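Asks:
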Amino acid sequence: MATGKKVFSCLIIGILFFFPGCWDRKEINRIGFAVGLGIDKDSEGYQITTQMALPSLLEGGGGGEEAPVWVVGGKGRTIFEAIRDVNTRSARRPFWGHLNVIVIGEEVAKNGLIPVLDLLSRGQELRRSNYVVVAKGKARDILEAEPKLESINAIFISNLIENRTGQSIAPVVTLNDLLISLSTAGIESVLPKIQALDQESFLPPQKKEEKAGPKDEGEEKPKQILELRGAGIFKKDKFVTWMDEETTRGYLWVKGQVKGGIIVIKNPAESDRDLSLEIKRNKSFIFPRLENGKNEILMKVVASLNLVENTGIVSVETEELIQDLNQKASESIKKEINKAIKVAQEFETDIFGIGEKVRTQYPELWEQMEWSQVFPGMDIKVEVETVTQEAAMTLRPIMPPTQRRK
Amino acid sequence: MIKRGTISPRQVFFILTMLLTGIYILILPRHMVFLTGTDGWLVLIGGGFVSGVILILINKVSIKFPGKTVIEFAPLVVGRLLGKIIGGILAIYFTLLAAGSLRIFTEMLKSALLAETPRWIVVVGLVGLIIWIIQNGLEDIARFTELLAPIILLLLIGALIGDIRYMEVIRLKPILKTEPISLLEGFISTLSYFGVIIILLMLYPYVNAPEKLTKTSLGALLFAIVITVAVFAGTVATFGIYETGRMAWPVIELVKMVRIGEFLERMESLFLAVWLSIAFINVSVLSFCSISGWTQLINIKNYQKLTYPVMFLLLGMSLWPKDLLAVLGLYRINFTYGLFISLAIPLLLFVFTLFSKGGSENGHR
Numbered sequence: 000m001a002t003g004k005k006v007f008s009c010l011i012i013g014i015l016f017f018f019p020g021c022w023d024r025k026e027i028n029r030i031g032f033a034v035g036l037g038i039d040k041d042s043e044g045y046q047i048t049t050q051m052a053l054p055s056l057l058e059g060g061g062g063g064e065e066a067p068v069w070v071v072g073g074k075g076r077t078i079f080e081a082i083r084d085v086n087t088r089s090a091r092r093p094f095w096g097h098l099n100v101i102v103i104g105e106e107v108a109k110n111g112l113i114p115v116l117d118l119l120s121r122g123q124e125l126r127r128s129n130y131v132v133v134a135k136g137k138a139r140d141i142l143e144a145e146p147k148l149e150s151i152n153a154i155f156i157s158n159l160i161e162n163r164t165g166q167s168i169a170p171v172v173t174l175n176d177l178l179i180s181l182s183t184a185g186i187e188s189v190l191p192k193i194q195a196l197d198q199e200s201f202l203p204p205q206k207k208e209e210k211a212g213p214k215d216e217g218e219e220k221p222k223q224i225l226e227l228r229g230a231g232i233f234k235k236d237k238f239v240t241w242m243d244e245e246t247t248r249g250y251l252w253v254k255g256q257v258k259g260g261i262i263v264i265k266n267p268a269e270s271d272r273d274l275s276l277e278i279k280r281n282k283s284f285i286f287p288r289l290e291n292g293k294n295e296i297l298m299k300v301v302a303s304l305n306l307v308e309n310t311g312i313v314s315v316e317t318e319e320l321i322q323d324l325n326q327k328a329s330e331s332i333k334k335e336i337n338k339a340i341k342v343a344q345e346f347e348t349d350i351f352g353i354g355e356k357v358r359t360q361y362p363e364l365w366e367q368m369e370w371s372q373v374f375p376g377m378d379i380k381v382e383v384e385t386v387t388q389e390a391a392m393t394l395r396p397i398m399p400p401t402q403r404r405k
Numbered sequence: 000m001i002k003r004g005t006i007s008p009r010q011v012f013f014i015l016t017m018l019l020t021g022i023y024i025l026i027l028p029r030h031m032v033f034l035t036g037t038d039g040w041l042v043l044i045g046g047g048f049v050s051g052v053i054l055i056l057i058n059k060v061s062i063k064f065p066g067k068t069v070i071e072f073a074p075l076v077v078g079r080l081l082g083k084i085i086g087g088i089l090a091i092y093f094t095l096l097a098a099g100s101l102r103i104f105t106e107m108l109k110s111a112l113l114a115e116t117p118r119w120i121v122v123v124g125l126v127g128l129i130i131w132i133i134q135n136g137l138e139d140i141a142r143f144t145e146l147l148a149p150i151i152l153l154l155l156i157g158a159l160i161g162d163i164r165y166m167e168v169i170r171l172k173p174i175l176k177t178e179p180i181s182l183l184e185g186f187i188s189t190l191s192y193f194g195v196i197i198i199l200l201m202l203y204p205y206v207n208a209p210e211k212l213t214k215t216s217l218g219a220l221l222f223a224i225v226i227t228v229a230v231f232a233g234t235v236a237t238f239g240i241y242e243t244g245r246m247a248w249p250v251i252e253l254v255k256m257v258r259i260g261e262f263l264e265r266m267e268s269l270f271l272a273v274w275l276s277i278a279f280i281n282v283s284v285l286s287f288c289s290i291s292g293w294t295q296l297i298n299i300k301n302y303q304k305l306t307y308p309v310m311f312l313l314l315g316m317s318l319w320p321k322d323l324l325a326v327l328g329l330y331r332i333n334f335t336y337g338l339f340i341s342l343a344i345p346l347l348l349f350v351f352t353l354f355s356k357g358g359s360e361n362g363h364r
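Respectively, the protein sequence lines represent chains A and B. Quick note on numbering that gives the first Met the number 0: the first sequence kicks off at 0 and runs consecutively. Quick note on numbering that gives the first Met the number 0: the second sequence kicks off at 0 and runs consecutively.
1. I believe G44/A touches T77/A by the beta-carbon criterion, under 8 Å. Please report the beta-carbon distance rounded to the nearest angstrom.
2. Tell me the DSSP bridge mates of P287/A?
3. Is the beta carbon of T173/A less than 7 Å from the beta carbon of S128/A?
4. List the endpoints of the continuous beta strand (DSSP E) containing M316/B.
5. Contact between the segment 146 to 153 of chain B and the segment 188 to 207 of chain B: three or more CB pairs below 8 Å?
6. Could you give the distance in angstroms between the alpha-carbon of D215/A and the alpha-carbon of K222/A?
7. So, at 8 Å on beta carbons, what are the nonlocal neighbours of T240/A in its own chain, with the 5 sequence-adjacent residues on each side left out?
8. Any Cβ of chain B within less than 7 Å of the Cβ of T2/A?
9. Considering only residues of the same chain and omitting the five flanking positions on each side of L34/B, which have a CB-CB separation below 7 Å?
10. Could you tell me if G328/B is buried or exposed, where buried requires 16 or more neighbouring beta carbons within 10 angstroms of its beta carbon?
11. Given S157/A, which residues of its chain have a CB within under 8 Å of its CB, disregarding the five upstream and five downstream residues?
12. Can you confirm whether G292/B, when its beta carbon is compared against all beta carbons of chain A, has any partner nearer than 7 Å?
13. Does any residue of chain A have a CB that is nearer than 7 Å to the CB of G46/B?
14. Could you tell me which whole beta strand (DSSP E) segments of length 3 or greater appear in the segment 161 to 191 of chain B?
15. Kindly list, in the order they appear in chain B, the residues whose Cβ is closer than 8 Å to that of I278/A.
16. Given 8 Å as the limit, is there contact between the segment 377 to 390 of chain A and the segment 324 to 331 of chain A, that is, 3 or more CB pairs closer than that?
17. Determine, using beta carbons only, whether A111/B comes closer than 7 Å to chain A.
18. Cα separation between T294/B and V228/B?
19. Is L202/A helix, strand or coil when you go by DSSP?
20. So what does DSSP say about F238/A, is it helix, strand or coil?
21. Counting pairs of Cβ atoms below 8 Å between the segment 232 to 244 of chain B and the segment 84 to 94 of chain B, do you hit three or more?
22. Would DSSP call G231/A helix, strand or coil?
23. Identify the contact partners of S128/A in chain B, using a Cβ-Cβ distance below 7 Å as the criterion.
24. At the 7 Å Cβ level, is P173/B part of the contact set with chain A, yes or no?
25. Enumerate, from N- to C-terminal direction, the unbroken alpha helix (DSSP H) stretches of 4 or more residues contained entirely within the segment 76 to 134 of chain B.
26. Tell me whether E384/A sits in a helix, a strand or coil according to DSSP, three-state version.
27. Who does A134/A pair with in a DSSP beta bridge?
28. Can you find a CB in chain C that lies within less than 7 Å of the CB of K176/B?
29. Rounded to a whole number of angstroms, what is the C-alpha to C-alpha distance between A339/A and P267/A?
30. Is the CB of P362/A under 7 Å away from at least one CB in chain B?
31. Here's a check: name, in chain order, each residue in its chain whose Cβ is nearer than 6 Å to the Cβ of L456/A, leaving out the five neighbours to either side.
32. Which of helix, strand or coil does DSSP assign to N165/A?
33. Using a Cβ-Cβ cutoff of less than 6 Å, which residues in the same chain neighbour R288/A once the five nearest sequence positions on both sides are dropped?
34. Would E277/A and V307/A be called neighbours here (beta carbons separated by less than 7 Å)?
35. Mind reading off the beta-carbon distance from T420/A to G31/A? Whole number of angstroms is fine, and I expect it under 8 Å.
36. From V273/B to E290/A, what distance separates their C-alpha atoms?
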């Protein structure tokens, strides 16, 4: 009896030890780590592009010529069919737990995000903290681009997104943010815009014409520059228009998400010279005022700035001039915000989430109105308050001896 | 007989917090969001407060019958027949709760981690382990809980802190705009949710310092309310009510998003491993109460004999529902009618002990 019991317990322990891990084992040499996912539309359904990392080449200390990622795609009527279609071309099953970024093609965005997002929010491997960007053009071009510095393109993109000291001209949107803005009444979605280019967008395009000549006809070289600038705005789940950089920052001011960037204004004491102000912090408040049939929204934006560059020769350190400077900076910010408001009202899409404020503050009124029709006619007032500090190791601008008074 | 008077009030504290914040919290946010939307946290506080009152009644009743579980003293208070009925209801209730926790945990594990593994592997594995620990008595379960619970609770709080970056207060508004009838339904659900505290009626005789239990159990309830409200509010502030309602496992989704600093992320495997221990503790305590309840109900000397039949019953019950939706549907019954057990039984016992003073003195002797 006693030995029987012992044998039995040993058996149980053995089963407990070995069985539970067996079914769902994922051997590291049987899976491929998908780090980027691109979704495009074609006539029948969707085409997806995955970027799979090849760990062996990453560890090998820069394994020579070969890129450590492999871009492979699949197609299907639904996203899942397309994802499974990848398996026919990949010897390793893609593992989605380490996905960094989801790139949505322009066509998909125009046709609506919801059919695409459902699977992405269901999967057990996928995380809601993945970044989402919308591509100008095809998502595949973005994932096939070969930017420098980072050998894995998807990691390059997520570093671009996370670059918080940057210019604040593109929003940071995770899958979770996107799902919430899609499902919440009174707020519409905005996604950062990404574009693959042969050269930086500010360079004159003549070089491109040269390239378009007959010599390059055969093969297309992967693009070298990825730019994350501006944003696409959505109405419900459908893309409506692009916002340029300034307008995007106007939007980010209202969301309180400007974390860096530069404002260039004229020196108040010397009107032909510029000053650079670095943005440090940004806060914002939205106050709807709808009592007694009023139709007014007040946006209050607070920004703290640092004076970092003075191209002129007149110092602005007096109290008065700083006041002037704040005034000018506020106006410049206001201009950006008004641009964003204009776009939003023109396309009747409440990207700022004003509706959400109205809904939480005036629930009874909210029930009675059709927000998408009320929003374009709203009287939106903007108030900007700026605080500027002179920070740097130098207090005065460069001053040639001929200009010195003393 | 099971040895009595061997576990400490502190162990009871951890057992109660584990039961109150362990398995059923996985499905609570979703259920509450459906009923009460953004007001869920207020309703939870209200339900928790009323449960506190019930808890005081439970303590008042139990202290009058030292060394006896509810199944033993109920016949003395309300008469033999009614007392046996109450005992039977409680024993069945604990068995159902144990089966429910086991199945809900298994479903969670299946959808979050082990998609291909058959359910019975997990269930049989856990039940095997639980049979073994139950054979050793409540003391072992209590010690195990005392050892693990602080770590588990710290991790839960850590998960909430790690998600603060995603939370926005506006998602918790507006306040008190839900229809009163839904609020009431939500309130009833919280009573069933916190109603697991009636397990204390079974634990009393096993505690070595019962006079301290009123304070300890109220402390445990308070702590559980704070955690539950924080988890609910945290989930809604992170995902908004619509997304929370869409998810099968809002709390697991919350854990999946955790990111502390720039490097600590993708930690759900750790949390799932922790939840395995929570499930183990929960199901062990509930099955222990159910087995000892059955033993006392039919007056058997040795509870070990009943372990196998009850555990096999439990195994069958937890494997019976077809899928997750069926499980949630079944659990809704407890959310709606659970208060007839968690509220009515302590109240009934309390009223009867007040009126039959003689009966309670008999209990003393």
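Yeah, the Cβ is synthetic: ideal placement off N, Cα and C, and Gly gets one too. From a predicted model like this one, the values you see are computed outputs, not experimental measurements.
Replies: Looking at the atomic coordinates:
1. Translated into the one-based positions of the first sequence, residue 44/A becomes position 45. Translated into the one-based positions of the first sequence, residue 77/A becomes position 78. Confirmed, Cβ separation roughly 7 Å.
2. Here residue 287/A refers to the residue found at position 288 when the first sequence is read from its first residue. Bridge partners of P287/A: I296/A.
3. Along the first sequence, read from residue 1 onward, the residue named residue 173/A stands at position 174. Along the first sequence, read from residue 1 onward, the residue named residue 128/A stands at position 129. Cβ distance < 7 Å, so T173/A and S128/A count as in contact.
4. Indexing the second sequence from 1 puts residue 316/B at position 317. Not the beta strand (DSSP E): M316/B falls in the alpha helix (DSSP H), residues Q303 to L318.
5. With the rule of 3 Cβ pairs closer than 8 Å, the segment 146 to 153 of chain B does not count as touching the segment 188 to 207 of chain B.
6. The residue you call residue 215/A lines up with position 216 of the first sequence. The residue you call residue 222/A lines up with position 223 of the first sequence. With a pLDDT of 45 at D215/A, under the threshold of 50, the predicted position of this residue should be treated as unreliable, and no value is reported.
7. Against the first sequence, residue 240/A aligns to sequence position 241. Only G231, I232, V342 and F346 meet the Cβ criterion.
8. Within the first sequence, residue 2/A is the residue found at index 3, counting from 1. Taking Cβ atoms only, chain B never reaches closer than 7 Å to T2/A, which makes this a no.
9. Sequence index remark: in the second sequence, residue 34/B carries index 35 (1-based). Same-chain partners within the cutoff: S181, E184, G185 and S188.
10. As a working mapping, residue 328/B is identified with position 329 in the second sequence. Label assigned to G328/B: exposed.
11. Along the first sequence, read from residue 1 onward, the residue named residue 157/A stands at position 158. So the list reads N99, V100 and Y130, once near-sequence residues are dropped.
12. Taking the second sequence and counting its residues from 1, the one referred to as residue 292/B is at position 293. Taking Cβ atoms only, chain A never reaches closer than 7 Å to G292/B, which makes this a no.
13. Position 47 of the second sequence, counted from the first residue, corresponds to residue 46/B. Not an interface residue.
14. none
15. Your numbering for residue 278/A matches position 279 in the first sequence. Chain-ordered listing is empty here: chain B has no CB closer than 8 Å to the CB of I278/A, the nearest sitting near 20 Å.
16. yes
17. Translated into the one-based positions of the second sequence, residue 111/B becomes position 112. Residue-level contact by beta carbon holds for A111/B and chain A, with a gap shorter than 7 Å.
18. Here the question's residue 294/B lines up with position 295 in the second sequence. Here the question's residue 228/B lines up with position 229 in the second sequence. The alpha-carbon atoms of T294/B and V228/B are separated by roughly 37 Å.
19. Sequence index remark: in the first sequence, residue 202/A carries index 203 (1-based). Looking at L202/A - three-state DSSP - the assignment turns out to be coil, as it is neither helix nor strand.
20. Here residue 238/A refers to the residue found at position 239 when the first sequence is read from its first residue. In this structure, F238/A counts as strand in the three-state DSSP scheme.
21. no
22. Along the first sequence, one-based indexing puts residue 231/A at 232. It is a strand residue.
23. If you number the first sequence from 1, residue 128/A lands on position 129. Chain B residues near S128/A: M256 and R258.
24. Taking the second sequence and counting its residues from 1, the one referred to as residue 173/B is at position 174. Yes, its Cβ sits closer than 7 Å to a Cβ of chain A.
25. Annotation note: the segment 76 to 134 of chain B contains the following uninterrupted alpha helix (DSSP H) runs of length 4 or greater, listed N- to C-terminal: 79 to 111 and 118 to 134.
26. If you number the first sequence from 1, residue 384/A lands on position 385. Strand at E384/A.
27. Taking the first sequence and counting its residues from 1, the one referred to as residue 134/A is at position 135. BP columns for A134/A point to I193/A.
28. Within the model displayed, chain C is absent; protein chains A and B are what it includes.
29. For the purposes of this step, residue 339/A is taken as residue 340 along the first sequence, with counting starting at 1. For the purposes of this step, residue 267/A is taken as residue 268 along the first sequence, with counting starting at 1. If you take the alpha carbons of A339/A and P267/A, they lie about 26 Å apart.
30. What you label residue 362/A is simply residue 363 of the first sequence in a count that begins at 1. P362/A counts as touching chain B.
31. No answer is possible for residue 456/A: it lies beyond the span of chain A, which begins at 0 and ends at 405.
32. One-based indexing of the first sequence puts residue 165/A at position 166. The question names Asn, but residue 165/A is Gly in the sequence shown. Coil at G165/A, not helix or strand.
33. Your numbering for residue 288/A matches position 289 in the first sequence. Cβ contact annotation for R288/A (same chain, cutoff 6 Å, sequence separation greater than five): E295, in chain order.
34. Residue mapping note: residue 277/A aligns to position 278 of the first sequence, counting from 1. Residue mapping note: residue 307/A aligns to position 308 of the first sequence, counting from 1. In this structure, V307/A lies closer than 7 Å to E277/A by Cβ.
35. Residue coverage of chain A in this structure runs from 0 to 405, which leaves residue 420/A outside it and unanswerable.
36. Here residue 273/B refers to the residue found at position 274 of the second sequence. Here residue 290/A refers to the residue found at position 291 of the first sequence. Linking V273/B to E290/A through their CA atoms gives a straight-line distance of about 51 Å.
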